[in-house]
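Chemist: Before I ask anything, here is the structure I am working with.
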Amino acid sequence: MLDNDRLDEEGFLPGDSQLSGIPELETLQPGETAAFTVDAESSGMRLDAWLAGLLPRYSRVTIRQAISSGGAVIDGKPGLAKPAFRIKPGQEIAFTLPDLPRSAPVPEEIPLDILYEDDSLAVINKPAGMVVHPSRGHWAGTLVGALAFHFQNNLSQVRGAARPGVVHRLDRDTSGVIIIAKTDFAHMKLAEQFAQREIHKEYVAICSGAPPRDRDVIDAPIGPHPHQSEKMAIRFECADAKPARTFYEVLRRYKGFTYIKAMPQTGRTHQIRIHFMHAGFPILCDRLYGGRAEIGEDVIGGAQQSPKSPEASATPVLARQALHARRIQFHHPETGQLMDVSAPLPDDFKTTLELLEKYRRIDN
Numbered sequence: 023m024l025d026n027d028r029l030d031e032e033g034f035l036p037g038d039s040q041l042s043g044i045p046e047l048e049t050l051q052p053g054e055t056a057a058f059t060v061d062a063e064s065s066g067m068r069l070d071a072w073l074a075g076l077l078p079r080y081s082r083v084t085i086r087q088a089i090s091s092g093g094a095v096i097d098g099k100p101g102l103a104k105p106a107f108r109i110k111p112g113q114e115i116a117f118t119l120p121d122l123p124r125s126a127p128v129p130e131e132i133p134l135d136i137l138y139e140d141d142s143l144a145v146i147n148k149p150a151g152m153v154v155h156p157s158r159g160h161w162a163g164t165l166v167g168a169l170a171f172h173f174q175n176n177l178s179q180v181r182g183a184a185r186p187g188v189v190h191r192l193d194r195d196t197s198g199v200i201i202i203a204k205t206d207f208a209h210m211k212l213a214e215q216f217a218q219r220e221i222h223k224e225y226v227a228i229c230s231g232a233p234p235r236d237r238d239v240i241d242a243p244i245g246p247h248p249h250q251s252e253k254m255a256i257r258f259e260c261a262d263a264k265p266a267r268t269f270y271e272v273l274r275r276y277k278g279f280t281y282i283k284a285m286p287q288t289g290r291t292h293q294i295r296i297h298f299m300h301a302g303f304p305i306l307c308d309r310l311y312g313g314r315a316e317i318g319e320d321v322i323g324g325a326q327q328s329p330k331s332p333e334a335s336a337t338p339v340l341a342r343q344a345l346h347a348r349r350i351q352f353h354h355p356e357t358g359q360l361m362d363v364s365a366p367l368p369d370d371f372k373t374t375l376e377l378l379e380k381y382r383r384i385d386n
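FYI, in the working numbering the residues of the sequence shown are 23 to 386.
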């Protein structure tokens, strides 16, 4: 994966070569497909670097993401194209142009739940359903849009104008604590703590099924899913996979469900979600990895539920993955003081736990 913190303003890593663009391509719009034939001089180049040179409107990061999402086809064979694919003379490349990245988020007056704030940083309680930074299909309603409005120009620029203040991220449907850097110095110091695994993150999750032990460590490498670009997967024999470790502890067992605390020791994409699925107790209502998109009181209550109208029974109490970043501990980048910030459980999470206590409680 590219180290975004090393990218220059154009999105290229130091030392990357840039080919001259093709003027007629400027008339193509996002969503349209451009066709290319690889010439002899380009033999052996990485596909992402070659396309980035031909399409100067796009950064290499954007090109790479588009390829990984299935946006490139080589010689009419879907699935062959990867960002690091070495191209050969005469190959036909079809590339669907992605949306143009925006240079900076549009400020939006969206309320923020600020758990802590000083001159160097802020800790936000991100709601479920909010994307951290703009991406294709999610230009509005993002966290960085809300940050741009609330903090104006008082945010770090280490990761570029498109991601002001963003040191780390949470999945769209994961709620809870996220640190925002106001200064570049604070950003770099926090990034160092993440890199050295000195930041303690604690999540809580409601899972389907029951872990065999009350506490354990899941140690399994995570890499790109071999067939679905939006997913990650456990990959024991994959060059692109990275080590991943998650410690978990059971907080409460219910009939058919478990309330769990998770403390990831690494920070891989979708790590807790994939590890829990792999271990046999997927997170409840995880659309990608759990097999169920929502759940209502009728399902939780089952035969014990009191009769209600069909409309009330069909109303979901939880319609997103039951994963919440409850707590984060780190050392303040300026003072070195140990910071410990927690986010309260959101209403849908609390309601689900209340229903489990009502209908699924196991009396010891």
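We put the CB at the ideal spot given by N, CA and C, even for glycine.
From this set, Ala144, Ser197, Arg181, Leu192, which residue's C-alpha is nearest histidine 172's C-alpha?
Modeler: Taking only the C-alpha atoms, the option nearest histidine 172 is Ala144.
Chemist: In the DSSP assignment, find the beta strand (DSSP E) that holds valine 239 and state where it starts and stops.
Modeler: 237 to 241
Chemist: State the Cα-Cα distance for the pair leucine 73 and methionine 210, rounded to the nearest angstrom.
Modeler: Distance between the alpha carbons of leucine 73 and methionine 210: 31 Å.
Chemist: For the beta strand (DSSP E) containing tyrosine 311, list its first residue and its last residue.
Modeler: Run containing tyrosine 311: none; DSSP gives neither H nor E here.
Chemist: Taking the beta carbon of aspartate 70 as the centre, do at least 16 other beta carbons fall within 10 Å, making it buried, or is it exposed?
Modeler: buried
Chemist: Does DSSP classify threonine 205 as helix, strand or coil?
Modeler: coil
Chemist: Within the continuous alpha helix (DSSP H) that includes leucine 76, where are the two ends?
Modeler: 69 to 76
Chemist: Going along the chain, which residues of its own chain have a beta-carbon closer than 8 Å to the beta-carbon of proline 243, five neighbours each way excluded?
Modeler: Ile256, Arg257, Phe258, Cys260, Ala263, Lys264, Pro265, Ala266
Chemist: From aspartate 236 to leucine 377, what distance separates their C-alpha atoms?
Modeler: 22 Å
Chemist: So, is the C-beta of isoleucine 109 closer than 9 Å to a C-beta in chain B?
Modeler: Of the chains in the structure shown, none is chain B; there is only one protein chain.
Chemist: Could you check the C-alpha separation between proline 366 and proline 149 for me, to the nearest Å?
Modeler: The straight-line gap separating the alpha-carbon atoms of proline 366 and proline 149 is approximately 11 Å.
Chemist: Specify, as a first and last residue, the run of the alpha helix (DSSP H) that threonine 374 falls within.
Modeler: 369 to 381
Chemist: Could you check what DSSP says for valine 188 in three-state terms: helix, strand or coil?
Modeler: Note: valine 188 maps to strand in three-state DSSP.
Chemist: Mark aspartate 12 as exposed unless 16 or more other C-beta atoms lie within 10 angstroms of its C-beta, in which case mark it buried.
Modeler: The structure shown has nothing for residue 12, since the chain only spans 23 to 386.
Chemist: Quick one: any contact between the segment 127 to 138 and the segment 91 to 107, if contact means 3 or more CB pairs under 8 Å?
Modeler: no
Chemist: If you check the beta carbons only, do methionine 299 and glycine 312 fall under 9 Å apart?
Modeler: yes
Chemist: Apart from the five residues just before and just after glycine 187, which ones in its own chain have a Cβ nearer than 6 Å to its Cβ?
Modeler: Leu169, Leu177, Ser178, Ile202, Ala203
Chemist: Run through the DSSP bridge pairs and tell me what asparagine 147 is partnered with.
Modeler: Val199
Chemist: Measuring only the C-alpha atoms, how far is proline 78 from valine 339?
Modeler: The straight-line gap separating the alpha-carbon atoms of proline 78 and valine 339 is approximately 47 Å.
Chemist: From asparagine 175 to histidine 346, what does the alpha carbon distance come to, in whole angstroms?
Modeler: Between the C-alpha atoms of asparagine 175 and histidine 346 there is a straight-line separation of about 29 Å.
Chemist: Shorter than 8 Å, the distance from the beta carbon of threonine 118 to the closest heavy atom of the ligand GDP, or not?
Modeler: With respect to the ligand GDP, the structure offers nothing, as it holds no ligand at all.
Chemist: Out of Phe58, Pro111, Glu54, which has the shortest C-alpha to C-alpha gap to aspartate 121?
Modeler: The shortest Cα separation from aspartate 121 among Phe58, Pro111, Glu54 belongs to Glu54.
Chemist: Kindly indicate which three-state DSSP category alanine 266 falls into: helix, strand or coil?
Modeler: coil
Chemist: Please return the same chain residues whose Cβ sits closer than 6 Å to the Cβ of leucine 310, not counting the five positions on each side in sequence.
Modeler: Lys253
Chemist: Just to confirm my understanding: we take alanine 232, look at its own chain, exclude 5 residues before and 5 after, and list those with CB closer than 6 Å. What are they?
Modeler: Thr280
Chemist: Here's a check: name, in chain order, each residue in its chain whose Cβ is nearer than 7 Å to the Cβ of tyrosine 276, leaving out the five neighbours to either side.
Modeler: For tyrosine 276, where only same-chain residues beyond five positions count, the Cβ hits under 7 Å are Leu378, Arg382, Arg383, Ile384.
Chemist: Hey, out of Thr373, Ile305, Arg274, whose CA is closest to glutamate 319's CA?
Modeler: Thr373
Chemist: Mind checking alanine 217: buried by the 16 CB within 10 Å criterion, or exposed?
Modeler: Around the C-beta of alanine 217, fewer than 16 other C-beta atoms lie within 10 Å, and the residue is accordingly described as exposed.
Chemist: For phenylalanine 58, which three-state DSSP category applies?
Modeler: strand
Chemist: So, for alanine 208: in the same chain, excluding its five sequence neighbours on each side, which residues have a beta-carbon less than 6 Å away from its beta-carbon?
Modeler: Closer than 6 Å at the Cβ level, and outside the excluded window around alanine 208, lie Ser142, Leu143, Pro355.
Chemist: Apart from the five residues on each side of it in sequence, which residues of its chain come closer than 7 Å, Cβ to Cβ, to proline 111?
Modeler: Val60, Asp61, Ala62, Ser65
Chemist: In whole angstroms, what separates the C-alpha of proline 105 from that of isoleucine 146?
Modeler: 34 Å
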